[in-house]
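S.K.:
Number of protein chains: 2
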Amino acid sequence: MTDQRANDVLWLRDRPTAAPRKAEPLSVARIVAAAVAELDEHGVERLTMRRLAQRLEVTSTALYWHVRTKEDVLDLAVDHVLGEVPIPTETDPRSAARVLLVDWRAAMLRHPWSPTLLGRPLLGPNVLARVEFLQATLVRAGLVGDDLQVATKLLSNVVIGTAMNDASWRRLDNPSLVAEVGRFIVGQRDRYPTLASSGFLDDGSSDDELFVRGLDRVLDAVGLGCAPRR
Amino acid sequence: MTDQRANDVLWLRDRPTAAPRKAEPLSVARIVAAAVAELDEHGVERLTMRRLAQRLEVTSTALYWHVRTKEDVLDLAVDHVLGEVPIPTETDPRSAARVLLVDWRAAMLRHPWSPTLLGRPLLGPNVLARVEFLQATLVRAGLVGDDLQVATKLLSNVVIGTAMNDASWRRLDNPSLVAEVGRFIVGQRDRYPTLASSGFLDDGSSDDELFVRGLDRVLDAVGLGCAPRR
DNA sequence: ACCTGAACACCGTTCAAGT
DNA sequence: ACCTGAACACCGTTCAAGT
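Residue numbers (my numbering), protein chains in the order written: chain A, 24 to 253; chain B, 24 to 253.
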């Protein structure tokens with residue numbers, strides 16, 4: 024039997040008013056933030072409702088009060104990444120589009136798990152705001168009708184394709200493996216003569232540099248004038 | 024006790040030499056074929072080692088004698104899809120590249136689950152053979168050095184980005200949902216004025232048409248001459 | 001309204017054992 | 001060499017129950 028009087032003395036009660044303090048309550052925003060952190064640290068295959076809950080110090084089943092499925096969490100995480108892409112302030116349409124797309128790619132590569140999750144239609148508010156800005160910029164540049172649709176799709180496809188490809192290399196953080204792939208190709212130079220001798224997988228020029236050079240050409244091709252004159 | 028003499032008479036033995044007939048033995052090729060079929064029918068989220076085994080009439084654990092992990096199966100399935108892309112016979116470099124890329128996209132869209140699996144480095148023999156052909160074609164067209172790398176990456180990124188995007192719409196086989204997305208955007212025309220009025224998601228022109236128009240421009244931009252003259 | 005606990009119907013993979 | 005059966009350590013999700 025414990026001493027009853029202990030509970031009569033305010034200061035002796037165990038953490039009285041500020042007692043269990045359930046930390047801040049759960050919310051969709053907190054869930055998404057935790058998901059992004061977990062994905063950044065451990066990648067997509069380690070993200071589990073149970074691990075996510077653990078990080079938030081709740082039961083895994085608690086998440087389902089705020090979120091309908093795990094897929095919802097992933098969709099929200101992708102949109103969160105797009106939220107990191109600033110809306111450009113440039114006035115020249117070409118440089119506005121250019122900056123947007125460069126930053127878009129950069130955001131996805133900062134979170135290399137994100138390109139793999141682009142499989143579902145991208146309809147989050149942050150995605151749509153960026154696509155809206157892109158297309159509005161193209162309209163300002165004088166594009167209309169099918170030319171406008173072609174340009175919008177082409178530009179976003181270039182970014183997504185790049186992100187997908189380049190991210191796949193960044194995810195395998197083993198740098199020696201890239202070299203091994205190089206040797207693998209060169210070792211079959213009879214099968215892949217061009218790839219072997221062009222140094223396809225060497226990093227003579229960086230991913231980023233090759234991307235912007237390609238992007239500039241697409242911007243030309245799509246009718247956004249030539250490289251920015253100054 | 025059964026009559027012993029029955030087993031002495033050849034014709035009375037139960038299915039004597041051609042007895043249990045374990046069907047054809049398992050093999051990596053059979054596993055991959057079954058995986059592609061399963062993916063085509065039920066999509067990526069339903070592909071399970073257990074279901075795959077069931078389709079092949081073996082135990083799920085039997086698969087692991089032929090294959091190291093489920094990821095191996097997926098990698099092989101992707102490479103199988105690329106194997107469906109014919110190597111063009113056109114002599115003109117521009118049309119050779121064009122045909123390759125159009126067929127490449129078509130193959131991925133016939134198997135709409137495949138773009139989602141492009142997350143890992145593409146190093147299968149069928150992929151490499153197509154990339155080798157593409158780059159060899161670009162060399163024939165006179166590209167070298169960084170221009171060659173830029174063009175190779177840009178073109179494959181355009182195809183991958185397109186496949187990713189367009190496949191995501193084909194996977195949700197619910198056609199009314201596309202219309203619903205259209206209404207969703209138009210319903211927020213104050214937020215997305217350009218998207219709402221440009222009919223971004225209407226299918227005025229088909230995916231395929233928008234793609235080839237974009238592709239032709241990229242081919243121009245990359246230094247492959249202008250549209251095929253005839 | 002918000003969270004817990006127990007439970008269901010699954011997973012991928014390992015490994016000893018059979019033939 | 002090739003396959004089975006049992007088992008391990010997980011999953012996502014539902015639902016009654018607590019506060």
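We put the CB at the ideal spot given by N, CA and C, even for glycine.
Keep in mind it's a predicted model, so treat the numbers as computed, not measured.
Using the beta-carbon of each residue, which ones in chain B are nearer than 8 Å to residue 192(A)?
M.R.: Going along chain B in sequence order, the residues near residue 192(A) (Cβ under 8 Å) are 144.
S.K.: Between 235(B), 119(B), 59(B) and 219(B), which has its C-alpha nearest residue 101(B)'s C-alpha?
M.R.: Selected option, being the one with the closest Cα: 59(B).
S.K.: Would DSSP call residue 215(B) helix, strand or coil?
M.R.: The answer is coil: DSSP assigns residue 215(B) none of H, G, I, E or B.
S.K.: For a cutoff of 7 Å on Cβ pairs, would you count residue 102(A) as touching chain B?
M.R.: Residue 102(A) does not count as touching chain B.
S.K.: If we define contact as Cβ-Cβ less than 7 Å, is residue 118(A) a contact residue for chain B?
M.R.: No, no contact with chain B.
S.K.: Pull out every residue of the region 199 to 222 of chain A whose Cβ sits closer than 7 Å to any Cβ of chain B, in chain order.
M.R.: If the cut-off is 7 Å between Cβ atoms, the region 199 to 222 of chain A has 204, 215, 217, 218 and 221 near chain B.
S.K.: With a 10 Å radius around its C-beta and 16 neighbouring C-beta atoms as the bar for buried, classify residue 197(A) as buried or exposed.
M.R.: It counts as exposed.
S.K.: Put residue 81(B) into one of helix, strand or coil per three-state DSSP.
M.R.: In the structure shown, residue 81(B) sits in coil (DSSP, three-state: anything other than H, G, I, E or B).
S.K.: Which runs of the alpha helix (DSSP H) fall wholly inside the region 158 to 229 of chain B and span at least 4 residues, in chain order?
M.R.: Entirely contained in the region 158 to 229 of chain B, the alpha helix (DSSP H) runs reaching 4 residues are, in chain order, 168 to 194, 198 to 209 and 216 to 221.
S.K.: What is the rounded straight-line gap between the Cα of residue 109(B) and the Cα of residue 151(B)?
M.R.: In a straight line, the C-alpha of residue 109(B) is about 13 Å away from that of residue 151(B).
S.K.: What does residue 243(B) reach in chain A if we use C-beta pairs closer than 7 Å?
M.R.: Those within 7 Å of residue 243(B) in chain A are 244.
S.K.: Could you have a look at residue 238(B) and say whether DSSP puts it in helix, strand or coil?
M.R.: Here residue 238(B) sits in helix by DSSP.
S.K.: Below 8 Å, can you find three or more Cβ-Cβ pairs linking the region 48 to 58 of chain B to the region 124 to 140 of chain B?
M.R.: No, because fewer than three Cβ pairs between the region 48 to 58 of chain B and the region 124 to 140 of chain B fall closer than 8 Å, the two stretches do not touch.
S.K.: Report the rounded CA-to-CA distance for residue 173(A) versus residue 87(B), giving the unit in angstroms.
M.R.: Distance between the alpha carbons of residue 173(A) and residue 87(B): 46 Å.
S.K.: Closer than 8 Å by C-beta to residue 208(A): which residues in its own chain qualify, once you throw out the five before and the five after it? Chain order, please.
M.R.: Excluding positions up to five away in sequence, the list reads 215, 218, 219, 223 and 224.
S.K.: Hey, residue 178(B) and residue 145(B) are a contact pair by Cβ (cut 8 Å); roughly how many whole angstroms apart?
M.R.: Rounded, the Cβ-Cβ distance is 14 Å, inconsistent with contact.
S.K.: Starting from residue 116(A) and walking both ways along the alpha helix (DSSP H), at which residues does that stretch end?
M.R.: Note, residue 116(A): alpha helix (DSSP H), 116 to 133.
S.K.: Residue 185(B): which of 238(B), 206(B) and 155(B) sits nearest, CA to CA?
M.R.: Ranking 238(B), 206(B) and 155(B) by Cα distance to residue 185(B) puts 238(B) first.
S.K.: What is the rounded straight-line gap between the Cα of residue 11(B) and the Cα of residue 192(B)?
M.R.: Shown here, chain B extends from 24 to 253; a query on residue 11(B) therefore has no answer.
S.K.: Have a look at 187(B), 166(B) and 52(B) and flag the residue whose alpha-carbon is nearest the alpha-carbon of residue 95(B).
M.R.: Checking every option, the nearest Cα to that of residue 95(B) belongs to 52(B).
S.K.: Here's the rule I'm using: 16 or more other beta-carbon atoms within 10 Å means buried, otherwise exposed. How should residue 103(A) be labelled?
M.R.: It is buried - the Cβ of residue 103(A) has at least 16 other Cβ atoms within 10 Å.
S.K.: Would you grab the beta carbon distance between residue 170(B) and residue 246(B) for me? Rounded to a whole angstrom, and I think it's under 8 Å.
M.R.: Going by Cβ atoms, the distance from residue 170(B) to residue 246(B) rounds to 7 Å, so yes, they are a contact pair.
S.K.: Quick one: list the residues of chain B neighbouring residue 159(A), beta-carbon separation under 7 Å, in chain order.
M.R.: Within chain B, the residues near residue 159(A) are 217.
S.K.: Can you find a CB in chain B that lies within less than 7 Å of the CB of residue 169(A)?
M.R.: Cβ-Cβ to chain B under 7 Å: yes for residue 169(A).
S.K.: Helix, strand or coil for residue 155(B) per DSSP?
M.R.: The answer is helix: DSSP assigns residue 155(B) an H, G or I state.
S.K.: Please check the pair residue 230(B) and residue 189(B), which I expect to be a contact at CB under 8 Å, by giving their CB distance rounded to whole angstroms.
M.R.: Indeed they touch by this definition, with Cβ atoms about 5 Å apart.
S.K.: Residue range of the alpha helix (DSSP H) that residue 53(A) falls in?
M.R.: Its alpha helix (DSSP H) spans residues 51 to 65.
S.K.: Please work out which residues of its chain come closer than 8 Å, Cβ to Cβ, to residue 123(B), disregarding the five sequence neighbours upstream and downstream, and give them in chain order.
M.R.: Same-chain partners within the cutoff: 108, 110, 111, 153, 156, 157 and 160.
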